[in-house]
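Residue numbers for the sequence shown follow my numbering, so the first one is 35 and each next one is one higher.
Note that the Cβ used here is the ideal one computed from N, Cα and C, for glycine as well.
These numbers come from a predicted model, not from an experiment.
See below for the structure under consideration.
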Amino acid sequence: MSALTTTAVDSEDGESSQGPQMHRFLLATLLLPVFIPVAVRAQDEDRVWAFQPVERPAIPRPRDVVRMANPVDAFILKSLEKVDLTLSPPASRRTLLRRLHLDLLGLPPTPVEIDQFLSDTRPDAWARLVDRLLASPDYGHRWAQHWLDVVRYADSDGFEYDDPRPHAWRYRDWVIEALNGDKPFSRFIHEQIAADELFPENRQALAALGLHRLGPLRLNAGTQDKAKNRQERLTEIVDMVGSAFLGVTFGCARCHDHKFDPLPQADYYRLQAFFAASQAVDLPLVPAGIRASREKARKAWTKKRDAIRKRLEEVEAPVRKRLLAERRGRFGKETLEALAVDASARTPDQSRLAIAAERMLVLVEADIREALPEAKREQYVAVQAELQGVLSSEPAAVASVMAIADRGRDVPSTHRLVRGEPHDPGEEVFPSFPAVMVQRGRPVRPGSFRRRVRPSIDEVGDSEGGHSTGRRAELAGWLASESNPLTARVFVNRLWQHHFGQGIVATPNDFGVMGAAASHPELLDWLAAELLANGGQIKPLHRLMLLSETYRQSGTVSNRLAVAADPGNQLLWRFRRRRLEAEPLRDSLLAVSGQLNRQAGGPGVRLPLPPEIAALQYKGSWQAHPDLWQHNRRAIFLFV
35 MSALTTTAVD
45 SEDGESSQGP
55 QMHRFLLATL
65 LLPVFIPVAV
75 RAQDEDRVWA
85 FQPVERPAIP
95 RPRDVVRMAN
105 PVDAFILKSL
115 EKVDLTLSPP
125 ASRRTLLRRL
135 HLDLLGLPPT
145 PVEIDQFLSD
155 TRPDAWARLV
165 DRLLASPDYG
175 HRWAQHWLDV
185 VRYADSDGFE
195 YDDPRPHAWR
205 YRDWVIEALN
215 GDKPFSRFIH
225 EQIAADELFP
235 ENRQALAALG
245 LHRLGPLRLN
255 AGTQDKAKNR
265 QERLTEIVDM
275 VGSAFLGVTF
285 GCARCHDHKF
295 DPLPQADYYR
305 LQAFFAASQA
315 VDLPLVPAGI
325 RASREKARKA
335 WTKKRDAIRK
345 RLEEVEAPVR
355 KRLLAERRGR
365 FGKETLEALA
375 VDASARTPDQ
385 SRLAIAAERM
395 LVLVEADIRE
405 ALPEAKREQY
415 VAVQAELQGV
425 LSSEPAAVAS
435 VMAIADRGRD
445 VPSTHRLVRG
455 EPHDPGEEVF
465 PSFPAVMVQR
475 GRPVRPGSFR
485 RRVRPSIDEV
495 GDSEGGHSTG
505 RRAELAGWLA
515 SESNPLTARV
525 FVNRLWQHHF
535 GQGIVATPND
545 FGVMGAAASH
555 PELLDWLAAE
565 LLANGGQIKP
575 LHRLMLLSET
585 YRQSGTVSNR
595 LAVAADPGNQ
605 LLWRFRRRRL
615 EAEPLRDSLL
625 AVSGQLNRQA
635 GGPGVRLPLP
645 PEIAALQYKG
655 SWQAHPDLWQ
665 HNRRAIFLFV
């Protein structure tokens with residue numbers, strides 16, 4: 035027992051010297067992290083609501099049938115009746131029109147559209163409007179942004195070099211097309227997880243595999259540890275699949291058993307094993323002859339660019355060294371000591387000192403240019419101009435999709451890693467679904483996969499294609515299956531979140547014990563069952579929510595009794611107001627001013643950066659698009 039614990043519980047009078055309040059506080063602080071996980075694990079795992087199979091509950095019969103437009107209202111009204119509340123009055127038609135346009139399209143209605151709707155007196159005018167907006171291409175532009183945020187889409191690798199991903203935009207365009215075409219929920223999952231195994235002949239579907247390549251990629255010279263690099267990539271995809279599709283914090287089980295949810299560490303690595311055979315590949319979409327000539331031109335361009343960058347570094351190196359030494363020389367003893375300590379071992383005071391010092395050690399090109407002798411400065415500026423010229427003449431990349439593939443039959447073994455350390459493997463594990471989420475948790479072992487498909491890499495000129503393991507196809511099938519208790523719930527909860535401002539589960543990436551409790555669990559289960567029953571079509575679910583009286587009610591806070599009974603509006607007695615996100619706000623400003631460029635698709639457009647931000651980019655790598663009209667495209671088509 036630690037000295038602090040002894041102080042808390044041992045004294046002559048049975049209390050600590052700090053009094054009974056401090057006694058209770060210390061006990062709670064010390065023992066809660068121990069007892070809570072034990073208590074949670076002691077629960078019957080089958081009684082955790084989110085891990086139960088989805089079953090369609092009966093539609094309740096509320097008293098206020100006048101306000102019940104569809105089953106969504108039935109569940110909401112029944113919950114409100116329990117506290118003697120009902121829905122707020124309907125919002126005005128003008129408010130509803132604007133609400134729906136911003137919700138579905140991310141753009142405000144035009145004056146003509148406002149006049150048309152306000153003058154439409156047909157009983158089904160609202161339903162007609164919903165159907166028209168769901169059929170608009172702008173629906174995909176708006177709702178794809180939500181999904182791209184969930185899966186952490188980016189057009190560059192991140193970290194120091196932050197190299198661009200020339201083919202990432204094809205994944206973004208695939209998501210837009212999938213949503214506009216109302217691709218079934220199951221197919222939406224299958225293509226992203228295993229298009230190469232399930233639909234190898236479909237080149238458009240292969241773009242969905244970009245999902246596996248969206249995580250940050252460390253490419254700088256300090257990462258020579260191949261095992262660690264590989265583990266970082268596997269960790270990224272497992273954590274993303276866990277949060278995006280399953281709504282659980284799987285990453286908490288990487289180094290040890292999950293402290294709160296029934297997810298043992300071994301299950302984390304069993305899930306990781308589904309991806310163990312996969313490697314990153316760019317699958318070309320052009321014939322081999324054209325590809326060879328383009329690759330030759332690009333290789334020559336890359337060599338020229340790197341040579342100029344090296345000349346810049348040779349000029350910069352002595353100045354950079356001198357400037358850093360000068361700045362370090364101004365640091366006090368405590369700051370230097372803080373910098374010498376590993377970041378994970380610093381005290382709070384050392385962390386504050388180190389962060390402030392590291393900011394002072396950041397050198398931008400302007401710092402180096404000003405510190406150069408005049409003769410060297412002219413040379414430096416000339417080389418920079420030369421680099422800008424080369425960067426602006428970058429040859430077109432070979433048309434490819436950013437994807438993954440299983441290359442060959444040899445699959446690296448997967449082990450449970452002790453404390454998550456790549457160089458400390460424990461027992462070997464095999465692909466298997468989390469035991470708490472399956473009725474029969476038998477492992478799926480290599481060789482038991484039914485599918486043996488050959489990726490269509492050969493069809494586009496790559497002769498290195500090999501037989502797939504079928505592991506990801508197996509995982510995709512389970513993720514989208516009716517027997518999976520989480521995926522459908524998580525998906526419809528995201529739809530509800532963006533229509534009503536907050537999910538039925540307010541923590542959309544965490545359906546576990548530490549996530550928020552569902553405000554209407556029966557409604558969530560009914561919606562999930564409806565998604566599975568209607569063939570996985572997403573637009574009918576949108577329609578169901580948007581045609582409800584719950585969606586069409588006013589957002590005015592005028593019912594004092596309701597405010598007292600449900601101040602957080604968890605029961606939805608009024609429409610929840612929310613701020614418009616940055617992307618639709620920007621797009622709306624461009625639209626109402628007549629400056630919005632409606633061109634869709636293609637590589638992300640780079641906007642000009644403020645000088646102080648541009649100076650931080652590696653070697654002038656950020657080049658704004660020269661066509662100013664391109665800068666006015668919708669936010670989803672900007673370089674991220």
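For residue i, which option in the options has the closest C-alpha, if you only look at C-alpha atoms?
i	options	result
R130	F151, G244, V146	Note that residue 130 is Leu in the sequence shown, not Arg. The residue with the shortest Cα to Cα distance from L130 is F151.
P519	L251, L268, Y195, V282	V282
G174	I227, P644, A669	A669
M102	G628, R632, E583, L624	E583
A549	L557, G537, H135	One detail in the question is off: residue 549 reads as Gly in this sequence, not Ala. It is G537.
E266	W663, Q418, L451	L451
F365	A391, A377, E350	A391
E516	I93, R186, D183, S220	S220
L280	H290, C289, L305	L305
G535	L566, Y414, R613, A648	R613
L319	K116, N236, A433	A433
S312	P96, V470, A228	A228
S466	T590, P382, V353, A307	A307
R403	A351, S427, G423	A351
L261	L672, P459, T590, R156	Before going on, a small fix: residue 261 reads as Ala here, not Leu. Nearest of L672, P459, T590, R156 to A261, Cα basis: P459.
W607	E89, S113, P91	S113
L213	V275, P234, R90, K573	K573
P678	R594, D401, L575, H201	Absent from the model: residue 678. The displayed extent of the chain is 35 to 674, so no value can be given.
Rounded to the nearest angstrom, what separates residue i and residue j at their Cα positions?
i	j	result
K355	L395	11 Å
E563	D118	It should be noted that the sequence gives Ala, not Glu, for residue 563. Taking the straight line joining both Cα atoms gives about 29 Å.
D449	G504	Note that residue 449 is His in the sequence shown, not Asp. Their Cα atoms are separated by approximately 20 Å.
R247	I438	8 Å
E368	L357	20 Å
D559	A551	14 Å
V272	F284	8 Å
V674	L182	11 Å
D207	A596	44 Å
D259	G454	15 Å
A76	F294	The predicted model places A76 with a pLDDT of 40, which falls under 50 and marks its position as unreliable, so this point remains unresolved.
L619	L141	8 Å
L624	T144	12 Å
D440	W512	19 Å
L421	L672	24 Å
L630	A430	27 Å
R479	D444	Note that R479 has pLDDT 46, beneath the 50 cutoff, so the model's placement of it is unreliable and no number is given.
T541	R411	54 Å
Since residue i and residue j should fall inside the 8 Å C-beta cutoff, what is the C-beta to C-beta distance between them, to a whole number of angstroms?
i	j	result
V82	L581	Not a contact, Cβ separation roughly 33 Å.
M436	R199	6 Å
S277	N543	4 Å
A125	R577	With 8 Å as the limit, A125 and R577 do not qualify as a contact, their Cβ atoms being about 18 Å apart.
L240	L121	About 47 Å; that fails the 8 Å criterion.
V424	I342	6 Å
What residue range does the alpha helix (DSSP H) around residue i cover?
i	result
I223	219-232
T448	Segment 448-451 is the beta strand (DSSP E) holding T448; no alpha helix (DSSP H) there.
I271	260-278
A314	Unbroken run through A314 is the beta strand (DSSP E), 312-318; no alpha helix (DSSP H).
G460	It is not in any alpha helix (DSSP H) - G460 instead sits in the beta strand (DSSP E) that spans 459-463.
W656	Premise fails: W656 is in no alpha helix (DSSP H) and is neither H nor E.
M579	573-580
R560	Correcting the residue type first, residue 560 is Trp in the shown sequence and not Arg. Start and end: 555-567.
N527	521-534
D172	171-184
Leaving out the 5 sequence neighbours to the left and right, which residues in its chain are closer than 7 Å to residue i when beta-carbon positions are compared?
i	result
P250	D191, G192, F193
P555	W83
V301	What sits at residue 301 in the sequence shown is Asp, not Val. The answer, listed in chain order, is A287, P468, A469.
N104	L578, L581, S582
H292	C286
Leaving aside the five residues before and after residue i along the sequence, list all residues of the same chain whose C-beta is less than 8 Å from its C-beta, in chain order.
i	result
L643	Q651, W656, A658
L167	L134, H135, L138, L139, Y173
R380	A372, A388
If you measure from the CB of residue i, is any heavy atom of the ligand ADP nearer than 7 Å?
i	result
E392	Among the components of this structure there are no ligands whatsoever, and the ligand ADP is therefore not found.
Near residue i, which residues of its chain fall below 6 Å by C-beta distance, leaving aside the five closest residues on each side in sequence?
i	result
D496	Bear in mind that the predicted position of D496 carries a pLDDT of just 40, short of 50, making it too unreliable to give a figure here.
Y303	T448, R450, V463
Specify, as a first and last residue, the run of the beta strand (DSSP E) that residue i falls within.
i	result
I210	First-last for I210: 202-214, but that is the alpha helix (DSSP H), not the beta strand (DSSP E).
E436	As written in the sequence, residue 436 is Met, which differs from the Glu given in the question. Unbroken beta strand (DSSP E) run through M436: 434-440.
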